[in-house]
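Each remark here refers to the structure printed beneath this line.
2 protein chains.
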Amino acid sequence: MSILVVGSVAFDSVETPFGRVEDVLGGSATYFSTSASFFTDVNLVAVVGNDFSSEHVDFLRSRSIDLTGLTRVPGQTFHWKGRYGYDLNEAQTLETHLNVFADFKPVVPESYADADYLILANIDPELQLEVLNQVKSPRLVACDTMNYWISSKPDALWKVLERVDFIIINEGEARQLSGEANLVKAARKILARGAKNLIVKRGEYGVLMFTGTTVFAAPAYPLEEVFDPTGAGDTFAGGFMGYLANTGNLSEEGIRQAIIFGSVMASFTVEDFSLNRLKSLTYGEIEARYRSMKAMTYFQGLPEGV
Amino acid sequence: MSILVVGSVAFDSVETPFGRVEDVLGGSATYFSTSASFFTDVNLVAVVGNDFSSEHVDFLRSRSIDLTGLTRVPGQTFHWKGRYGYDLNEAQTLETHLNVFADFKPVVPESYADADYLILANIDPELQLEVLNQVKSPRLVACDTMNYWISSKPDALWKVLERVDFIIINEGEARQLSGEANLVKAARKILARGAKNLIVKRGEYGVLMFTGTTVFAAPAYPLEEVFDPTGAGDTFAGGFMGYLANTGNLSEEGIRQAIIFGSVMASFTVEDFSLNRLKSLTYGEIEARYRSMKAMTYFQGLPEGV
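Here the protein sequences line up with chains A and F, keeping their order.
So the first sequence is residues 13 to 318, counted in my numbering.
So the second sequence is residues 13 to 318, counted in my numbering.
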């Protein structure tokens with residue numbers, strides 16, 4: 013099954029304690045698509061300017077990402093500039109130039125309208141709603157958002173959240189969205205308002221999934237070198253959705269495996285700037301790291317009924 | 013097998029966003045002993061003043077903690093006053109009155125000298141060394157420490173660390189001890205200097221254990237109500253060591269189970285002030301939460317050799 017992703021394609025300038033890069037390929041939809049492309053076909057809806065070179069188009073095509081929905085308009089591509097300190101869990105935004113992204117009106121091409129798996133990356137919730145209305149009967153919808161939309165467009169955002177299967181946000185966003193400092197309370201409140209499942213990303217501390225009846229806790233893969241956390245969350249979502257779309261197994265067991273695949277993908281992305289690590293990544297490496305995650309988290313249960 | 017613990021018995025005054033208590037029973041050895049007492053016999057070496065009432069002595073006795081090594085001297089018992097904000101991972105110390113603890117010279121009673129399991133709670137590393145020299149041939153030794161000793165007595169501290177099987181410290185302490193921001197690098201450096209295993213406590217994010225050849229990641233049990241994190245680390249160590257002493261199984265599998273039992277014990281402690289939650293705790297509740305931890309972390313591995 014293929015996935016439809018709607019989000020941003022951008023150029024990033026990033027500084028971390030370990031180096032810096034200028035105007036490299038980035039954006040939520042880019043990280044998501046590249047990550048998901050290891051598992052399934054991806055259809056992309058996004059907008060770029062006329063500075064988006066054929067080198068980048070070729071890269072996305074090389075990952076078998078369908079670019080029918082990638083619109084090119086006059087102007088500059090979205091540009092983000094940020095910095096990370098030694099606490100790599102939190103980015104400091106230095107500059108945001110929306111450029112052509114400011115007028116982004118996502119149009120889902122006819123050929124994508126039957127999408128079974130849909131991810132609404134972090135864009136204006138009003139646009140997320142418009143996309144939802146353009147997709148006929150998706151089997152599974154996930155969405156991301158950010159602090160800016162939580163405070164500026166809560167009503168539109170909640171209309172989205174009520175219609176999705178998975179909200180995939182970070183810890184701070186879960187707290188802000190719920191008004192609860194405690195994550196378990198935050199999850200309860202968010203799920204009570206109609207969202208089906210909540211996945212809370214906690215950076216180097218891993219992920220918590222709340223389904224309403226169960227909790228799943230997955231650690232992040234412990235890395236010795238973290239170069240650049242940019243895109244880790246979108247890469248996680250890409251691996252997560254990609255694996256689900258590949259297997260079609262939406263049981264809790266399948267979903268938990270998808271979370272581990274998502275975590276594995278994110279752990280590779282942060283090992284280098286931009287999408288560099290994903291460019292050389294093989295499926296064998298992905299599976300090997302999945303096995304490491306299993307070995308790293310295993311412990312024996314207690315005997316039944318004792 | 014019984015455990016010997018050397019550490020502090022104290023009175024704590026604690027303020028959290030959810031309430032406050034004055035002069036309640038606390039101290040590293042108290043939390044450790046009470047937690048371990050659910051699994052095995054505990055021998056305690058500590059000092060208290062003449063303000064340490066029979067009510068507290070009776071409580072410790074009720075947990076079958078041997079108090080031969082609890083010395084009572086003229087003066088006041090160690091008193092700690094601290095505050096937690098909504099970020100419950102970090103305590104702010106308001107007052108520390110060492111009182112009789114300032115002159116604590118731990119003497120291991122003859123009847124404890126054959127101890128098989130020894131925990132050196134957070135005290136002056138020079139005293140930890142003296143204790144080590146008084147215990148004949150322990151099967152397993154663990155120790156804790158804190159930022160103050162890492163910066164003021166690094167040489168004595170390293171002499172301790174080289175002789176213990178498990179260093180049990182928090183994330184910040186692991187970073188300070190190694191001079192490395194990255195935890196995997198920090199662990200590598202600490203283990204390279206001679207310590208056998210490192211357990212890094214990460215508060216609400218759980219625990220990482222580094223053995224030199226393997227890593228084990230355990231989440232914290234997600235709680236809806238965290239009243240007071242005081243003593244969580246010592247309670248963790250108590251459950252960890254208590255389970256090991258109970259089973260005698262020092263294989264990696266046994267050690268991982270012990271980490272889960274330690275995490276479970278800590279999750280109960282933080283549900284109320286002081287040792288209140290442990291006072292009403294049953295072994296059945298401990299096992300039930302262990303099973304929850306298993307259910308919460310389980311995911312399917314990949315088929316072999318695919």
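For each residue, glycine too, the CB sits at the ideal point set by N, CA and C.
Quick caveat: nothing in here was measured; it's all calculated off a predicted structure.
Option nearest G313 (chain F) by Cα separation, candidates A:G266, A:A229, A:S279: A:G266
G260 (chain F) versus E122 (chain F): straight-line alpha-carbon distance, rounded: 23 Å
Rounded C-alpha distance that separates F64 (chain F) from V17 (chain F): 19 Å
Beta-carbon neighbours of E265 (chain A), restricted to chain F and to distances below 7 Å: Q312
V227 (chain F) at chain A interface by Cβ criterion, 8 Å: yes
V227 (chain A), enclosing alpha helix (DSSP H) - first and last residue: Run containing V227 (chain A): none in the alpha helix (DSSP H); it sits in the beta strand (DSSP E), 227 to 230.
Interface flag, P234 (chain F) vs chain A, CB-CB below 8 Å: yes
Supposed close pair P29 (chain A), Y98 (chain A) - CB separation, criterion 8 Å: 6 Å
For T309 (chain A), the three-state DSSP class (helix, strand or coil): helix
7 Å Cβ cut-off: residues of chain A touching M308 (chain F): V227, F228, A229
Residue range of the unbroken beta strand (DSSP E) whose run includes K93 (chain A): 90 to 96
Cβ of I202 (chain A) within 8 Å of any chain F Cβ: no
Close beta carbons around A168 (chain A), own chain, < 6 Å, minus the five adjacent residues each side: P137, E138
Short-range partners of chain F found in the stretch 74 to 99 of chain A, where Cβ spacing is below 7 Å: Y98
CA nearest to the CA of V85 (chain A), picked from A:V21, A:R151, A:A270: A:V21
Other residues of its chain near V276 (chain F): CB distance less than 8 Å, five sequence neighbours each side excluded: Y233, G251, I298, R301, Y302, M305
Within 8 Å of chain A by C-beta, residues of the stretch 181 to 198 of chain F in sequence order: A193, N194, L195, V196, K197
For E236 (chain A) and G31 (chain A), the rounded distance between their alpha carbons: 16 Å
Pair within 8 Å by beta-carbon distance, N159 (chain F) and G184 (chain F): yes
Beta-carbon separation (whole angstroms), K87 (chain F) vs G61 (chain F), contact threshold 8 Å: A quick correction: the sequence has Gly, not Lys, at residue 87 (chain F). Indeed, because the Cβ distance is near 4 Å, the residues count as touching under 8 Å.
Buried versus exposed call for P315 (chain A) [16 or more other C-beta atoms within 10 Å across all chains shown]: exposed
Three-state secondary structure assigned by DSSP to F64 (chain F): coil
Simplified DSSP assignment, three categories, for E237 (chain A): coil
Residue of A:Q269, A:A48, A:G243 minimising C-alpha distance to F311 (chain F): A:Q269
Test: R303 (chain F) CB closer than 8 Å to a CB of chain A: yes
Short Cβ contact (8 Å threshold) for D177 (chain F) with L152 (chain F): yes
Buried/exposed call for I15 (chain A), threshold 16 Cβ in 10 Å: buried
One or two residues paired with Q104 (chain F) in a DSSP bridge: F:R95
Exposure of Q104 (chain A), with buried meaning 16 or more beta-carbon neighbours within 10 Å: exposed
Interface residues of the stretch 268 to 280 of chain A facing chain F [CB-CB below 8 Å]: R268, Q269, I271, I272
Chain F contact for R32 (chain A) (CB, 8 Å cutoff): no
is_contact[V238 (chain F), chain A] using C-beta, thresh 8 Å: yes
Expected contact under 8 Å - CB spacing of T89 (chain A) and L287 (chain A) to nearest Å: In fact, because the Cβ distance is near 15 Å, the residues do not count as touching under 8 Å.
I162 (chain A) beta carbon less than 8 Å from that of L195 (chain A): no
Reference C155 (chain F), options F:I181, F:N55, F:S149, closest by Cα: F:I181
Ordered list of beta strand (DSSP E) runs contained in the stretch 138 to 173 of chain A, each at least 3 residues: 152 to 155
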